[in-house]
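**Student:** When we follow UniProt numbering, the leftmost residue of the sequence shown carries the number 1, and every step to the right adds one.
Sharing a structure below in C-alpha cells format, with a few things to ask.
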Amino acid sequence: MSSIQVEPAMDPKPSASEVSFKETRPEQLSAASADLSEEKFVYGRDKLVASINATGEVLQQLRAFNKDQWILRYPEQQDGQEEAKLPLSVLRVDLKLGATQNASTLVNSMEKSSVGRLLDERMSRSDHHLQNLRMRIIDTQSKVLVTGDLNAGKSTFINALMRRELVPTDQQPCTSMFCEIRDANQENDGREEVHVIYDLASYDPKDLSTFTRRDLSDLEGIFVEQEEKQDEMISVLKCFCVDSHTTHESLLHNGAVDIALIDAPGLNQDSVKTTALFAREEEIDVIVFVVSAENHFTLSAREFLQNASNDKAYVFVVVNKYDQIRNKEKCHRRVLEQIRELSPRTFEEADELVHFVDSRTVCDAANTESMNEYVEHFSAMENNLRQFVLRRRAKSKLLPAKTYMERLLSDVLFLVRLNQNAAQDDLVSARRELSKSRPALAACEANALKAQRMVEGEEDRVVSSITQSSEEVLTKALETVGNGESAHSSVKLPAYPGLLNLWQYAQDVREALVSSLHAVVRDCESMARNSTTQAVEKIGHAGEQFLPKDIDVPKRIFMPEAMFSHKHEGTVFAGLGVSLDIVNVRLTDLFDVPHHFSFVMGRFSPKSSPDDSNDKALTTPSFTVGLGALSLLGGHALNAKTIAEAFVRFTDILGSRVVRRWAAPVLLLLGAGAVAWIVTDLPNAVPRNVGRNLQRELKGGHGVVQLPGNSPMLLRNSSNLFATMHSMRTMREVRKVLRLASWDIQEKFRVAISQHRANVSKAEAQEKLADKAVEWLSQTAARSAAIQSEVACLL
Numbered sequence: 001m002s003s004i005q006v007e008p009a010m011d012p013k014p015s016a017s018e019v020s021f022k023e024t025r026p027e028q029l030s031a032a033s034a035d036l037s038e039e040k041f042v043y044g045r046d047k048l049v050a051s052i053n054a055t056g057e058v059l060q061q062l063r064a065f066n067k068d069q070w071i072l073r074y075p076e077q078q079d080g081q082e083e084a085k086l087p088l089s090v091l092r093v094d095l096k097l098g099a100t101q102n103a104s105t106l107v108n109s110m111e112k113s114s115v116g117r118l119l120d121e122r123m124s125r126s127d128h129h130l131q132n133l134r135m136r137i138i139d140t141q142s143k144v145l146v147t148g149d150l151n152a153g154k155s156t157f158i159n160a161l162m163r164r165e166l167v168p169t170d171q172q173p174c175t176s177m178f179c180e181i182r183d184a185n186q187e188n189d190g191r192e193e194v195h196v197i198y199d200l201a202s203y204d205p206k207d208l209s210t211f212t213r214r215d216l217s218d219l220e221g222i223f224v225e226q227e228e229k230q231d232e233m234i235s236v237l238k239c240f241c242v243d244s245h246t247t248h249e250s251l252l253h254n255g256a257v258d259i260a261l262i263d264a265p266g267l268n269q270d271s272v273k274t275t276a277l278f279a280r281e282e283e284i285d286v287i288v289f290v291v292s293a294e295n296h297f298t299l300s301a302r303e304f305l306q307n308a309s310n311d312k313a314y315v316f317v318v319v320n321k322y323d324q325i326r327n328k329e330k331c332h333r334r335v336l337e338q339i340r341e342l343s344p345r346t347f348e349e350a351d352e353l354v355h356f357v358d359s360r361t362v363c364d365a366a367n368t369e370s371m372n373e374y375v376e377h378f379s380a381m382e383n384n385l386r387q388f389v390l391r392r393r394a395k396s397k398l399l400p401a402k403t404y405m406e407r408l409l410s411d412v413l414f415l416v417r418l419n420q421n422a423a424q425d426d427l428v429s430a431r432r433e434l435s436k437s438r439p440a441l442a443a444c445e446a447n448a449l450k451a452q453r454m455v456e457g458e459e460d461r462v463v464s465s466i467t468q469s470s471e472e473v474l475t476k477a478l479e480t481v482g483n484g485e486s487a488h489s490s491v492k493l494p495a496y497p498g499l500l501n502l503w504q505y506a507q508d509v510r511e512a513l514v515s516s517l518h519a520v521v522r523d524c525e526s527m528a529r530n531s532t533t534q535a536v537e538k539i540g541h542a543g544e545q546f547l548p549k550d551i552d553v554p555k556r557i558f559m560p561e562a563m564f565s566h567k568h569e570g571t572v573f574a575g576l577g578v579s580l581d582i583v584n585v586r587l588t589d590l591f592d593v594p595h596h597f598s599f600v601m602g603r604f605s606p607k608s609s610p611d612d613s614n615d616k617a618l619t620t621p622s623f624t625v626g627l628g629a630l631s632l633l634g635g636h637a638l639n640a641k642t643i644a645e646a647f648v649r650f651t652d653i654l655g656s657r658v659v660r661r662w663a664a665p666v667l668l669l670l671g672a673g674a675v676a677w678i679v680t681d682l683p684n685a686v687p688r689n690v691g692r693n694l695q696r697e698l699k700g701g702h703g704v705v706q707l708p709g710n711s712p713m714l715l716r717n718s719s720n721l722f723a724t725m726h727s728m729r730t731m732r733e734v735r736k737v738l739r740l741a742s743w744d745i746q747e748k749f750r751v752a753i754s755q756h757r758a759n760v761s762k763a764e765a766q767e768k769l770a771d772k773a774v775e776w777l778s779q780t781a782a783r784s785a786a787i788q789s790e791v792a793c794l795l
C-alpha cells in the first residue's frame, strides 16, 4: 500500500488571512484550524466521490464484459503456492472447503464459466460496497461503532464517555441489539427518549407510526423484553440523550458534525448477531474496538479486524479493564504486538489510536466527582477520539473509502491485465490455428471436387460400357432364339415326342427358349456385378487417396449379390420383365403357312429368317419351280398383250382332255406330298416358328412390361424393346450402386469439410473475440490506472 499523508496531531497555525481579528484568542485559532480541516475534507470528499463513481462504472462495465463477451480468467495457483500470496484481496474468490483443499486449487479445476460467475458475484458485492461507501462519505453524519468481544466492557465504556449510567451493564451480556446514541439537543428538540424501530428502512422521526417511543430509563427493560420475545425482532434502538460535556469536549454535542455512537452486541455472543455486525460494518465510519486487557484479541476479534482492514486502515483500540492487570508492561507489549499483526497502520500511530483505560473506574469517579490517573488517561483518550472523529475526518471518514478503493482498483487492474495477456495469447493461438485450418479447408474442398469429377467419370464409363455390352449380348441372343436355337449353352431344346404330343412339344420349346434368354440375362447381370464391384473398389481407393487422413467415417460394405434381386425366383420368366402369357403356345407356333409358301416359291431357304434378304443361295426344288414359272412368262415384256396371250394359252392347256384326265391325280399327289413334307418338317418347324414368334413379340414389345424408371420415349423409339429394356434395367441398377458409393465419398468429404469449416469458424470467432477483448481490456486498464493514480494522490 502506498504511503498516505495524514494531518499532524496538532492543528496547523492559521495564516493572517484566515484569522482577520482577535488572533491571540486560542478558541479563534482552533476555529480557524477547524475551517481549514473542513475545507480539506470537503475537497477530498468530492474527489473521492468522483473516483468512486468512476470505479463503479468500470466495475459495472467489467461485469457486463464478463457476462456478454469474455469470461474473465482467474489467476491460477501454482503448486506449493500459499493462498495468502495470491495477488488479489477484495476480488479474491474464497470458498470454505476444509483442511485438505484450498479455494484456489478448486478454482483451478473449475470451468471458466463457473469461475466467471464467482467473479461476477464478487464484483457485484464490491459494487454494492462502493455504493455504501459513497453514501457513507457524503453523509454529513459520522457513525462510530463501539464493538468488541462479549463482556469486554463496551457498555461500560459508553457510560464512561457519557459520564452517566446510560446503557445497562452487568457481568452477564446486556446489549443484544444495536443501540444508537444520539444528541437529543441537535436531533430531538432536547427530549431524552428511546425510539424502538422494527423496520429501519421506513423509519421517520416525524412519523410516530414508524417507531415506538419509550423513556430513556426503560432501556434495560427493553433489552429484557427483547430477550423474551423472539417473534418480533427490533431492528435498532435510537437513544436520544443530553451530553453533559461542553461543546469543546463533547463527542456528540460538538457543534460541527452529527455523531451517532452505536453500541453493538458482542462478537462471540451468537452467530446471527455476529453476522449482522459484520454486515453493519460497511456503514461505519469509525470503529472503536474495545478489547479486554485480560483476554486480548480472541479469534472472533481477529476475524472482525481482518475483515474491517479491507477498507479501514485505522481502528481506534480501547484496552479496557487495564487497572486489573498486575504486569501492565507485559500486557501493553502483547497487545501492541497483536495490533501490529492485525492492523499495521493502527500500530504506526498507536500513541493516538491505542489507549489502555479502565472504564469502570471512570464511571465510579464520575459519581464521586473524584480524579485519578485512570480518569486522566481516559480524558486523554477522549480527546484523541474526538480529534480522530472530528478534526481528522479525512483520516477517520475518507481514508477507509480510499483504502478500499486502492485495494479494489489494484485487484481490478490485476484482473484486467491478466485477462489482457490471456486475450493476447488467445489471439495469437487463433491466428496460428487459422494459418493451418484455412489451407486445410481449401485443400479439402479442392480434393472433394477432384474426387467428384473422378467418381462421375468412372460412373459414366462403367454405366456406358455395361449398357452397351448388355444390349449387344441380348440382341444377339434374341436373334439366336429367332432362328429356333437356344440362346445359352446351359439350356437345351427338348426332343420331339411325336405328332400326338405336338402341342406339349411347342410348349416345352417355348419355355426352353425363354429359359435360355433368362440365362443370358443372368449372365449380363453377373457381368454387371463384376464390373460394378471393380468400379466400387476403384472409387473407394480414389476416395481414400483424396480424403484427409484424420477423417474417420464408417465404411459401407458392398454386397454384389444384392443387385438384381428378383421377386419370382424359380420361374422361367423371372427377371425378364415380360407378361405371364409370353410362354403360352400359339397356333402359329405349329404351322407356319407363309413360311412354307415362301419356301416353295423360292423366296427363303429353310434356314432363313424373316429379316433375311433374297441374296442367299436357293435350293434345287425352289429353283426348278421358279424356273417353270419363268418359262411360262417367257422373255416377253409384262404388258397387256402378253398377259392376254398367256391366259389364252393356259386355258387352251386346261381345255385339253389329257390334262383334265391327269389333273386330279397330280393334284392329289402334290397335296399328299405337301402334307408329308409339312409333317416331317415339324421337329424343325416348331422351334423355328416358336423362336421367330418369340423374337417378334419381344422385339416389338408385345408382352413386355415396362419397368419403373424406364423412359417411355426411349422404349418407344427402340427397335429391340427387350434388349433396350434390360440394358436400361442393368444401367439403372449399376448407376444406383455407383451413386451410393459416390454418395459415401461425398459424405466423407462433407464431414471433413464440415469439420474444417467448424475449425475455421471457431478460430475466426476466437480471433474476433480476442481482438475485441484486447482492445477493450487495454482501454479499461488505462482507465483503471488513471483512477488509481487519482485516488493515490488524495488525502
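The beta carbon of each residue, even a glycine, is placed where N, CA and C say it ideally should be.
Just so it is clear, the structure is predicted and the values come from calculations on it, not from any experiment.
Look at the alpha carbon of Thr247 and the alpha carbon of Asn254, and state the distance between them as a whole number of angstroms.
**Tutor:** When rounded, the distance between both Cα atoms is 5 angstroms.
**Student:** Using only alpha-carbon positions, find the residue among Asp149, Lys238, Thr169 and Arg163 that is nearest to Asn188.
**Tutor:** Of the candidates Asp149, Lys238, Thr169 and Arg163, the one whose C-alpha sits nearest the C-alpha of Asn188 is Lys238.
**Student:** Assess contact between the stretch 315 to 332 and the stretch 121 to 128, defined as three or more Cβ pairs (one per stretch) separated by less than 8 angstroms. Is contact present?
**Tutor:** Taking 8 angstroms as the limit for Cβ pairs, the verdict is that the stretch 121 to 128 does not touch the stretch 315 to 332.
**Student:** Sorted by chain position, which residues of the same chain lie with C-beta nearer than 8 angstroms to Ala430's C-beta, five sequence neighbours on each side aside?
**Tutor:** Within the same chain, Ala430 has close Cβ partners Ala763, Glu764, Gln766, Glu767 and Ala770.
**Student:** Does the stretch 438 to 456 come into contact with the stretch 469 to 489, if we say contact requires no fewer than three beta-carbon pairs (one atom in each stretch) closer than 8 angstroms?
**Tutor:** Contact fails: fewer than three Cβ-Cβ distances are below 8 angstroms.
**Student:** Rounded to whole angstroms, what is the Cα-Cα separation between Ala422 and Leu449?
**Tutor:** Cα-Cα distance, rounded: 40 angstroms.
**Student:** Would you kindly work out how many angstroms separate the C-alpha atoms of His636 and Val679, rounded to a whole number?
**Tutor:** Since pLDDT at His636 reaches only 42, below the 50 mark, its modelled position is unreliable, and the value read off the structure follows with that caveat. About 39 angstroms.
**Student:** Would you kindly work out how many angstroms separate the C-alpha atoms of Val317 and Arg136, rounded to a whole number?
**Tutor:** Going from the Cα of Val317 to the Cα of Arg136 covers about 22 angstroms.
**Student:** Taking the C-alpha atoms as reference points, what is the distance between Ile259 and Val416?
**Tutor:** Taking the straight line joining both Cα atoms gives about 40 angstroms.
**Student:** Give the range of the alpha helix (DSSP H) segment to which Thr730 is assigned.
**Tutor:** Residues Leu721 to Ala792.
**Student:** Could you tell me which residues DSSP pairs with Phe191 in its beta bridges?
**Tutor:** The sequence given here places Arg at residue 191; Phe does not occur at that position. DSSP lists no partner for Arg191.
**Student:** In the DSSP assignment, find the unbroken alpha helix (DSSP H) run with Phe414 in it and report its ends.
**Tutor:** Element bounds for Phe414: Leu399 to Gly482.
**Student:** I'd like to know whether the C-beta atoms of Ile138 and Val49 end up nearer to each other than 8 angstroms.
**Tutor:** Closer than 8 angstroms, so yes.
**Student:** CA-CA distance, Thr780 and Val58?
**Tutor:** If I take the Cα positions, the gap works out to 7 angstroms.
**Student:** Tell me the rounded alpha-carbon separation between Ile181 and Leu216.
**Tutor:** For Ile181 and Leu216, the distance between alpha carbons rounds to 11 angstroms.
**Student:** Check the Cβ-Cβ distances between Val521 and every residue of chain B, and say whether any is below 8 angstroms.
**Tutor:** Here there is only one protein chain, and chain B is not present.
**Student:** Comparing C-alpha positions only, which one of Cys793, Asn584, His128 and His355 sits nearest to Asp508?
**Tutor:** Cα-wise, what sits closest to Asp508 is Asn584.
**Student:** DSSP state of Val290, grouped into three classes?
**Tutor:** Strand.
**Student:** When DSSP builds the beta bridges, which residues end up paired with Arg182?
**Tutor:** DSSP lists Phe240 as partners of Arg182.
**Student:** Nearest to Arg735 by alpha carbon, out of Leu721, Glu456 and His518?
**Tutor:** When only C-alpha atoms are compared, the closest one is Glu456.
**Student:** Grouping DSSP H, G and I as helix and E and B as strand, with all else coil, what is Ala260?
**Tutor:** In the structure shown, Ala260 sits in a strand (DSSP, three-state: E or B).
**Student:** Would the stretch 307 to 316 and the stretch 391 to 400 be scored as touching if the rule is three or more Cβ pairs under 8 angstroms?
**Tutor:** Counting Cβ pairs under 8 angstroms, three or more are found: they touch.
**Student:** Taking the alpha helix (DSSP H) that Gln338 falls in, what are its first and last residues?
**Tutor:** It spans Lys328 to Leu342 - the alpha helix (DSSP H) in which Gln338 sits, taken as one unbroken run.
**Student:** Given a threshold of 16 other Cβ atoms within 10 Å of its Cβ, counted over all protein chains shown, does Ser526 qualify as buried or as exposed?
**Tutor:** Label assigned to Ser526: exposed.
**Student:** With DSSP as the reference, identify every bridge partner of Lys143, one or two as the case may be.
**Tutor:** According to DSSP, Lys143 bridges with Ala260.
**Student:** Under three-state DSSP, which class holds His377?
**Tutor:** Three-state DSSP puts His377 in a helix.
**Student:** Reducing DSSP to helix, strand and coil, say where Asp215 ends up.
**Tutor:** Asp215: strand per DSSP, three-state reduction.
**Student:** CA-CA distance, Lys772 and Val93?
**Tutor:** Roughly 26 angstroms separates the two Cα atoms.
**Student:** Suppose you measure from the CA of residue 796 to the CA of Trp662; what does that come to, to the nearest Å?
**Tutor:** The displayed coordinates of the chain run from 1 to 795. Any statement about residue 796 would go beyond what the structure contains.
**Student:** Please work out which residues of its chain come closer than 7 angstroms, Cβ to Cβ, to Asp204, disregarding the five sequence neighbours upstream and downstream, and give them in chain order.
**Tutor:** Thr210, listed in sequence order.
**Student:** Report the option in Gly266, Ile262, Phe289 and Ser202 whose CA atom is closest to the CA atom of Glu283.
**Tutor:** For the residues Gly266, Ile262, Phe289 and Ser202, the minimum Cα distance to Glu283 belongs to Ile262.
**Student:** Considering only C-alpha positions, which residue in the set Asn447, Thr730, Arg391 and Glu433 is nearest to Glu39?
**Tutor:** Ranking Asn447, Thr730, Arg391 and Glu433 by Cα distance to Glu39 puts Arg391 first.
**Student:** Specify the secondary structure class of Phe356 as computed by DSSP and reduced to three states.
**Tutor:** Three-state DSSP puts Phe356 in a strand.
**Student:** Starting from the Cα of Ala152, find the closest Cα among Ser202, Ser300, Asn66 and Arg45 and give me that residue.
**Tutor:** The option with the nearest alpha carbon to Ala152 is Ser300.
**Student:** What is the DSSP secondary structure of Phe316, reduced to helix, strand or coil?
**Tutor:** Residue state, collapsed to three classes: strand.
**Student:** Can you tell me whether Gln468 is buried or exposed, with buried defined as 16 or more other CB within 10 angstroms of its CB?
**Tutor:** The residue in question, Gln468, is exposed, as its Cβ has fewer than 16 Cβ neighbours within 10 Å.
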